[in-house]
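Engineer: Residue numbers (this note's numbering), protein chains in the order written: chain W, 34 to 449; chain L, 3 to 294. Glycine included, C-beta positions come from ideal geometry on N, C-alpha and C. Have a look at this one.
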Amino acid sequence: MSLSGIDRRRFLLTSGALAAGALGAPSILRAQDGPIVLGHLTPRTGFLGPLGEYAVMAVDLAVEEINAAGGIDGRQLQILKEDSVNPQTASTKAERMIERDNVMAIVGEISSASALTIAQTAERAKRLFINTGANSDTLRGSDCKRHMFHVETQNVMYVNAEGQHLLQNGLVEGKRWYLLSADYAFGHDLSKGAHAFLGRHGGELAGEDLIPTDATDFSSFMLKIRDAKPDLVALNLAGTQITSFLKQYGEFGLEFPLGGFGFDTASAWAAGAENFRGTWPCVWNHQIQTEKSRAFVKAFTAKYGKPPENQAWGDYMAIQILAQAIRDTKGTDPAAIIDYFEDPATKFDMMKTRDGYFHPESHQLLQEIYAITALPSGEAANQWDIFTTSGPLPQPDQPLETLIADAVGGTCSFSS
Amino acid sequence: MNMFLFLSQLLNGLLDGFYYLLIAIGLSLIFSLGGIVNLAHGAFFAIGAYLAIAITPYTGFFGAVIIVPLLVAALGVVTERLLFTRFYRVDPLYSLLLTFGLAMVIEQALRWHFGSAPLAYNIPGALRGQVFLGDFIYSRYRIFLIVVAVLAVGGLWLLLNRTAFGRIVRAGIQNPDILAAMGISLRPYLSTVAGIAIGLAGLAGVLMAPIVPVHPAMGGEVLTAAFVVVVIGGLGSFWGVVLAALLVGLVKGLVIAIGLPSWSLAAIYLLMFVVLLLRPRGLMGERILRFE
């Protein structure tokens with residue numbers, strides 16, 4: 034018998050319906066002992082896609098480890114993963130995960146714009162959204178949501194940490210900066226923070242440009258920077274933009290000191306030892322030598338053959354934090370977990386020196402951050418260790434709250 | 003406004019046009035001859051970049067510049083023989099779907115094999131450094147890139163306009179039926195043209211790999227710009243595409259020079275819009291009966 038077109042179509046329809054039924058089944062059978070279902074959304078294509086891939090690898094690792102150890106209170110963890118693509122698609126997919134698959138929480142995201150639409154969807158449905166990669170201060174300020182918590186550090190934390198480094202090196206007072214910012218929420222927000230920082234510390238602007246997110250050719254900006262002769266080139270770029278910039282900065286032979294407020298180690302790795310320069314803030318990196326951090330790097334490297342990127346750390350941590358919350362609150366009730374997260378006694382081991390905790394007024398996870406400095410290209414031991422990391426910031430005698438001083442995202446109110 | 007910087011930006015924009023050219027010319031050629039809009043053209047560009055990374059340890063950069071385009075061209079011939087050839091005589095919508103699917107398959111295959119994170123690839127030592135023209139600074143590598151692009155495009159022009167092969171291809175673009183009536187089979191020419199066009203995309207991939215991030219989705223980024231160039235230039239016109247590529251670069255440079263860099267990408271679409279309003283067939287588009 035041959036499959037005619039119509040038969041084949043009917044066959045596809047039927048198998049599609051069966052597949053949909055199978056996917057929907059867990060939510061119908063959902064009982065107290067059934068698996069705990071989480072949704073994971075993050076960009077897997079586009080200029081943030083490379084980071085998203087690390088996020089997905091880390092989530093898989095975290096779920097695998099938790100389930101291998103017997104799950105959370107005996108319940109297995111199940112995760113539905115999708116590409117969030119853009120703000121519109123992200124919110125549609127979040128809605129579908131909540132309505133159809135009845136996920137207890139959504140984890141992930143990198144783009145600040147998509148994080149906002151997911152947060153709005155989650156807030157309406159009263160489900161948790163754990164943001165693992167979006168940095169915009171506004172998400173912790175005027176756009177904050179009761180059900181949204183941020184494992185990823187916010188922009189102002191990077192500005193303050195990188196700013197400390199620049200102040201110590203005399204690159205602020207009376208100095209002229211050239212700013213390049215990504216032309217979307219994240220970059221605008223960082224640019225505002227950088228302007229405020231310059232104003233507070235007596236620096237000036239030598240020039241500023243907004244860069245479209247899909248731009249790959251930076252040659253025209255190299256000409257502008259060279260013409261402006263700044264004391265520092267400060268980048269508020271994201272994803273593959275940073276890599277393009279680093280490669281072409283080297284290509285045009287510019288030697289002005291380089292730094293930035295937005296950064297991911299994947300951008301440095303992609304630029305390579307030869308092109309990577311400057312000092313950059315970083316939420317976590319694979320050189321941090323705490324016991325937990327070393328174990329994570331080891332497990333990740335064993336599974337994937339390369340060290341984890343900081344985005345991998347973010348999504349791995351988010352799953353751990355949720356697992357801890359489910360254990361400690363003995364359930365998946367969002368209201369109970371929110372109370373638990375907001376409780377000042379709740380601490381999390383962030384693989385760093387000090388424990389982290391959520392700032393109750395913005396739901397930002399307060400934690401130490403780091404600065405990494407590029408090694409001269411001849412000194413890199415391998416393709417991953419092309420930088421050295423600072424110790425934890427702020428200094429041990431300073432409270433973690435100093436990192437969120439002077440945030441520019443407006444005031445957060447959970448009532449609305 | 004600093005006059006020198008202004009002129010530098012215009013010149014830089016003009017030079018940028020050459021990168022678009024390598025991709026756009028092949029896109030235009032495949033469409034003109036076979037009527038296939040090759041949405042996978044950018045994916046072959048990405049294959050070129052990844053192949054360069056894969057074989058450079060054995061061949062060096064300059065070896066890769068020669069070998070990779072040949073490998074990608076061979077892939078192009080295979081693609082034409084296996085896939086394109088079934089879609090020449092049907093509604094173009096089908097070939098759009100085909101090449102769209104092919105682009106996704108290639109992108110995912112690259113992701114699957116090389117991972118999603120961008121890979122590092124550097125400018126070879128011999129081409130590092132800058133060239134100064136008075137006060138205008140330019141990268142030595144980009145000069146090399148432009149020279150190779152000009153040679154490749156010039157070679158293509160000679161092939162199309164000064165050889166028997168080119169005469170048949172040009173006749174095929176205008177009227178494949180008469181060519182068939184004369185007893186000339188277009189099939190081998192279609193394969194060769196697809197090979198050359200896709201090989202050029204591969205060449206562009208090798209050449210761009212040292213200066214842009216090499217990641218699986220890199221093809222999509224160039225494809226859009228290349229399409230705009232082809233549309234502005236007009237189908238079937240060699241010089242139309244060349245002119246359009248330089249014009250797109252120039253407009254981009256101009257928009258940045260007047261201080262609106264965030265408009266630089268939008269500007270090329272505006273340019274396309276204006277050109278299509280004034281000249282629906284593109285700047286130098288020929289009247290091709292079967293596409294009217």
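Where are the alpha helix (DSSP H) runs, 4 residues long or more, that stay fully inside the segment 167–231 of chain L, in chain order?
Structural biologist: Within the segment 167–231 of chain L, the complete alpha helix (DSSP H) runs of at least 4 residues are 178–183, 189–210.
Engineer: Can you tell me where the alpha helix (DSSP H) holding L:I57 begins and where it ends?
Structural biologist: Within the second sequence, residue 57 of chain L is the residue found at index 55, counting from 1. 43–84 is the extent of the alpha helix (DSSP H) around L:I57.
Engineer: For L:V133, which of W:E284, W:S253, W:Q109, W:S410 has the nearest alpha-carbon?
Structural biologist: As a working note, residue 133 of chain L is residue 131 in the second sequence. Minimum Cα distance to L:V133 is reached at W:E284.
Engineer: Quick check: what's the CA-CA separation for L:V244 versus L:V214?
Structural biologist: If you number the second sequence from 1, residue 244 of chain L lands on position 242. If you number the second sequence from 1, residue 214 of chain L lands on position 212. C-alpha separation (whole angstroms): 23 Å.
Engineer: Mind checking whether W:L268 and W:F278 have CB atoms under 9 Å apart?
Structural biologist: The count along the first sequence starts at 1 and reaches residue 268 of chain W at position 235. The count along the first sequence starts at 1 and reaches residue 278 of chain W at position 245. For W:L268 and W:F278, yes; Cβs fall inside 9 Å.
Engineer: Quick one, which of L:V224, L:N4, L:A105, L:R83 has its alpha-carbon nearest L:P190's?
Structural biologist: As a first step, residue 190 of chain L must be located in the second sequence, where it is residue number 188. Checking every option, the nearest Cα to that of L:P190 belongs to L:R83.
Engineer: Going by alpha carbons, who is nearest to W:T122 out of W:L113, W:C315, W:A148?
Structural biologist: On the first sequence, position 89 is the one that residue 122 of chain W refers to. Of the listed residues, the one whose Cα sits closest to W:T122 is W:A148.
Engineer: Alpha helix (DSSP H) containing W:G293: first to last residue?
Structural biologist: As a working mapping, residue 293 of chain W is identified with position 260 in the first sequence. W:G293 -> not in any alpha helix (DSSP H); beta strand (DSSP E) instead, spanning 291–293.
Engineer: Just the chain W side, please: which residues come within less than 8 Å of L:Y143 by C-beta, in chain order?
Structural biologist: Here residue 143 of chain L refers to the residue found at position 141 of the second sequence. Per Cβ cutoff of 8 Å: E284.
Engineer: Report the option in L:N124, L:F102, L:V257 whose CA atom is closest to the CA atom of L:A56.
Structural biologist: What you label residue 56 of chain L is simply residue 54 of the second sequence in a count that begins at 1. If we check each option's Cα against that of L:A56, L:N124 comes out closest.
Engineer: May I ask you to list the residues that DSSP assigns as paired with W:W5?
Structural biologist: No answer is possible for residue 5 of chain W: the residues shown for chain W start at 34 and end at 449.
Engineer: Could you please give me the residues that DSSP links to L:S141 through a beta bridge?
Structural biologist: Within the second sequence, the letter at position 139 stands for residue 141 of chain L. Answer by DSSP bridge pairing, in chain order: L:Q132.
Engineer: Please confirm if L:L248 has its CB atom under 9 Å from at least one CB of chain W.
Structural biologist: If you number the second sequence from 1, residue 248 of chain L lands on position 246. No, no contact with chain W.
Engineer: Roughly how many angstroms separate the alpha carbons of L:G78 and W:F381, rounded to a whole number?
Structural biologist: One-based indexing of the second sequence puts residue 78 of chain L at position 76. One-based indexing of the first sequence puts residue 381 of chain W at position 348. Using only the alpha carbons, I get a separation of about 54 Å.
Engineer: Looking at chain A, is there any beta carbon in it that lies within less than 9 Å of the beta carbon of L:M274?
Structural biologist: Any reference to chain A falls outside this structure, whose protein chains are W and L.
Engineer: I need the DSSP call for W:H319, collapsed to helix, strand or coil.
Structural biologist: To locate residue 319 of chain W, count along the first sequence from 1; it is residue 286. Note: W:H319 maps to coil in three-state DSSP.
Engineer: Could you give the C-beta distance for W:Q281 and W:F80, rounded to a whole number, given that I count them as a contact under 8 Å?
Structural biologist: Along the first sequence, one-based indexing puts residue 281 of chain W at 248. Along the first sequence, one-based indexing puts residue 80 of chain W at 47. That pair is no contact at about 16 Å.
Engineer: Taking only the alpha-carbon atoms, compute the straight-line gap between L:L188 and W:I163 and give it to the nearest angstrom.
Structural biologist: By one-based count along the second sequence, residue 188 of chain L stands at place 186. By one-based count along the first sequence, residue 163 of chain W stands at place 130. The alpha-carbon atoms of L:L188 and W:I163 are separated by roughly 59 Å.
Engineer: Report the residue ranges of all beta strand (DSSP E) runs contained in full by the segment 155–239 of chain W; include only those spanning at least 3 residues, in chain order.
Structural biologist: You should have 161–164, 181–183, 209–215.
Engineer: For L:G242, which residues of its own chain have a beta-carbon under 7 Å away from its beta-carbon, when the five flanking residues on both sides are left out?
Structural biologist: Counted from its first residue, the second sequence places residue 242 of chain L at position 240. Result list for L:G242: G235, G236, G284, L285, M286, G287, in chain order.
Engineer: Helix, strand or coil: how does DSSP classify W:K114 here?
Structural biologist: Start at 1 with the first residue of the first sequence, and residue 114 of chain W comes out as number 81. Strand at W:K114.
Engineer: Is it true that the CB of L:F167 sits closer than 9 Å to the CB of L:T194?
Structural biologist: Along the second sequence, read from residue 1 onward, the residue named residue 194 of chain L stands at position 192. Along the second sequence, read from residue 1 onward, the residue named residue 167 of chain L stands at position 165. In this structure, L:F167 lies closer than 9 Å to L:T194 by Cβ.
Engineer: Cα-Cα, which of W:L231, W:I352, W:Q416 is closest to W:R109?
Structural biologist: On the first sequence, position 76 is the one that residue 109 of chain W refers to. Residue 109 of chain W is actually Gln in this sequence, not Arg. Of the listed residues, the one whose Cα sits closest to W:Q109 is W:I352.
Engineer: Start and end of the alpha helix (DSSP H) containing W:T298?
Structural biologist: Taking the first residue of the first sequence as 1, we reach residue 298 of chain W at position 265. Start and end: 298–304.
Engineer: For W:F447, does the three-state DSSP call read helix, strand or coil?
Structural biologist: Locating residue 447 of chain W in the first sequence gives position 414, counting from the first residue. Three-state DSSP puts W:F447 in coil, outside helix and strand.
Engineer: By how many angstroms is the C-alpha of L:A203 removed from the C-alpha of L:Y21?
Structural biologist: Within the second sequence, residue 21 of chain L is the residue found at index 19, counting from 1. Within the second sequence, residue 203 of chain L is the residue found at index 201, counting from 1. Their Cα atoms are separated by approximately 10 Å.
Engineer: Rounded to the nearest angstrom, how far is the Cβ of W:A167 from that of W:V192, given a contact under 8 Å?
Structural biologist: The count along the first sequence starts at 1 and reaches residue 167 of chain W at position 134. The count along the first sequence starts at 1 and reaches residue 192 of chain W at position 159. No, W:A167 and W:V192 are not in contact; Cβ-Cβ is about 16 Å, not under 8 Å.
Engineer: Against chain W, does L:R88 count as a neighbour if the rule is that its beta carbon must be under 9 Å from one of theirs?
Structural biologist: Residue mapping note: residue 88 of chain L aligns to position 86 of the second sequence, counting from 1. Judged by the 9 Å Cβ criterion, L:R88 is not in contact with chain W.
Engineer: At a Cβ threshold of 9 Å, is L:L121 touching chain W?
Structural biologist: Your numbering for residue 121 of chain L matches position 119 in the second sequence. Yes, its Cβ sits closer than 9 Å to a Cβ of chain W.
Engineer: Could you check whether the Cβ of L:Q11 sits closer than 9 Å to any Cβ belonging to chain W?
Structural biologist: Counting from 1 along the second sequence, the entry for residue 11 of chain L is found at position 9. Yes - at least one Cβ of chain W is within 9 Å of the one on L:Q11.
Engineer: For W:T273, return the contacting residues in chain L, with the cut-off set at a CB-CB distance below 7 Å.
Structural biologist: On the first sequence, position 240 is the one that residue 273 of chain W refers to. The contacting residues are P120, P215, H217.
Engineer: Alpha helix (DSSP H) containing W:Y87: first to last residue?
Structural biologist: Sequence index remark: in the first sequence, residue 87 of chain W carries index 54 (1-based). Its alpha helix (DSSP H) spans residues 82–101.
Engineer: Quick one, which residues of the segment 313–328 of chain W are near chain L if we go by CB-CB under 8 Å, in chain order?
Structural biologist: Correct list: empty, as no residue qualifies.
Engineer: Using 8 Å as the cut-off, can you tell me whether the segment 268–277 of chain L makes contact with the segment 249–257 of chain L, which would need three or more C-beta pairs spanning the two stretches below that distance?
Structural biologist: Flag = yes, the segment 268–277 of chain L and the segment 249–257 of chain L touch.
Engineer: Return the first residue and the last residue of the beta strand (DSSP E) that W:G141 is part of.
Structural biologist: Position 108 of the first sequence, counted from the start, is the residue given in the question as residue 141 of chain W. Here the beta strand (DSSP E) through W:G141 covers 138–141.
Engineer: Can you say whether L:V276 is buried or exposed, counting buried as having 16 or more other CB atoms within 10 angstroms of its CB?
Structural biologist: The residue you call residue 276 of chain L lines up with position 274 of the second sequence. Answer is exposed; the Cβ neighbour count stays below 16.
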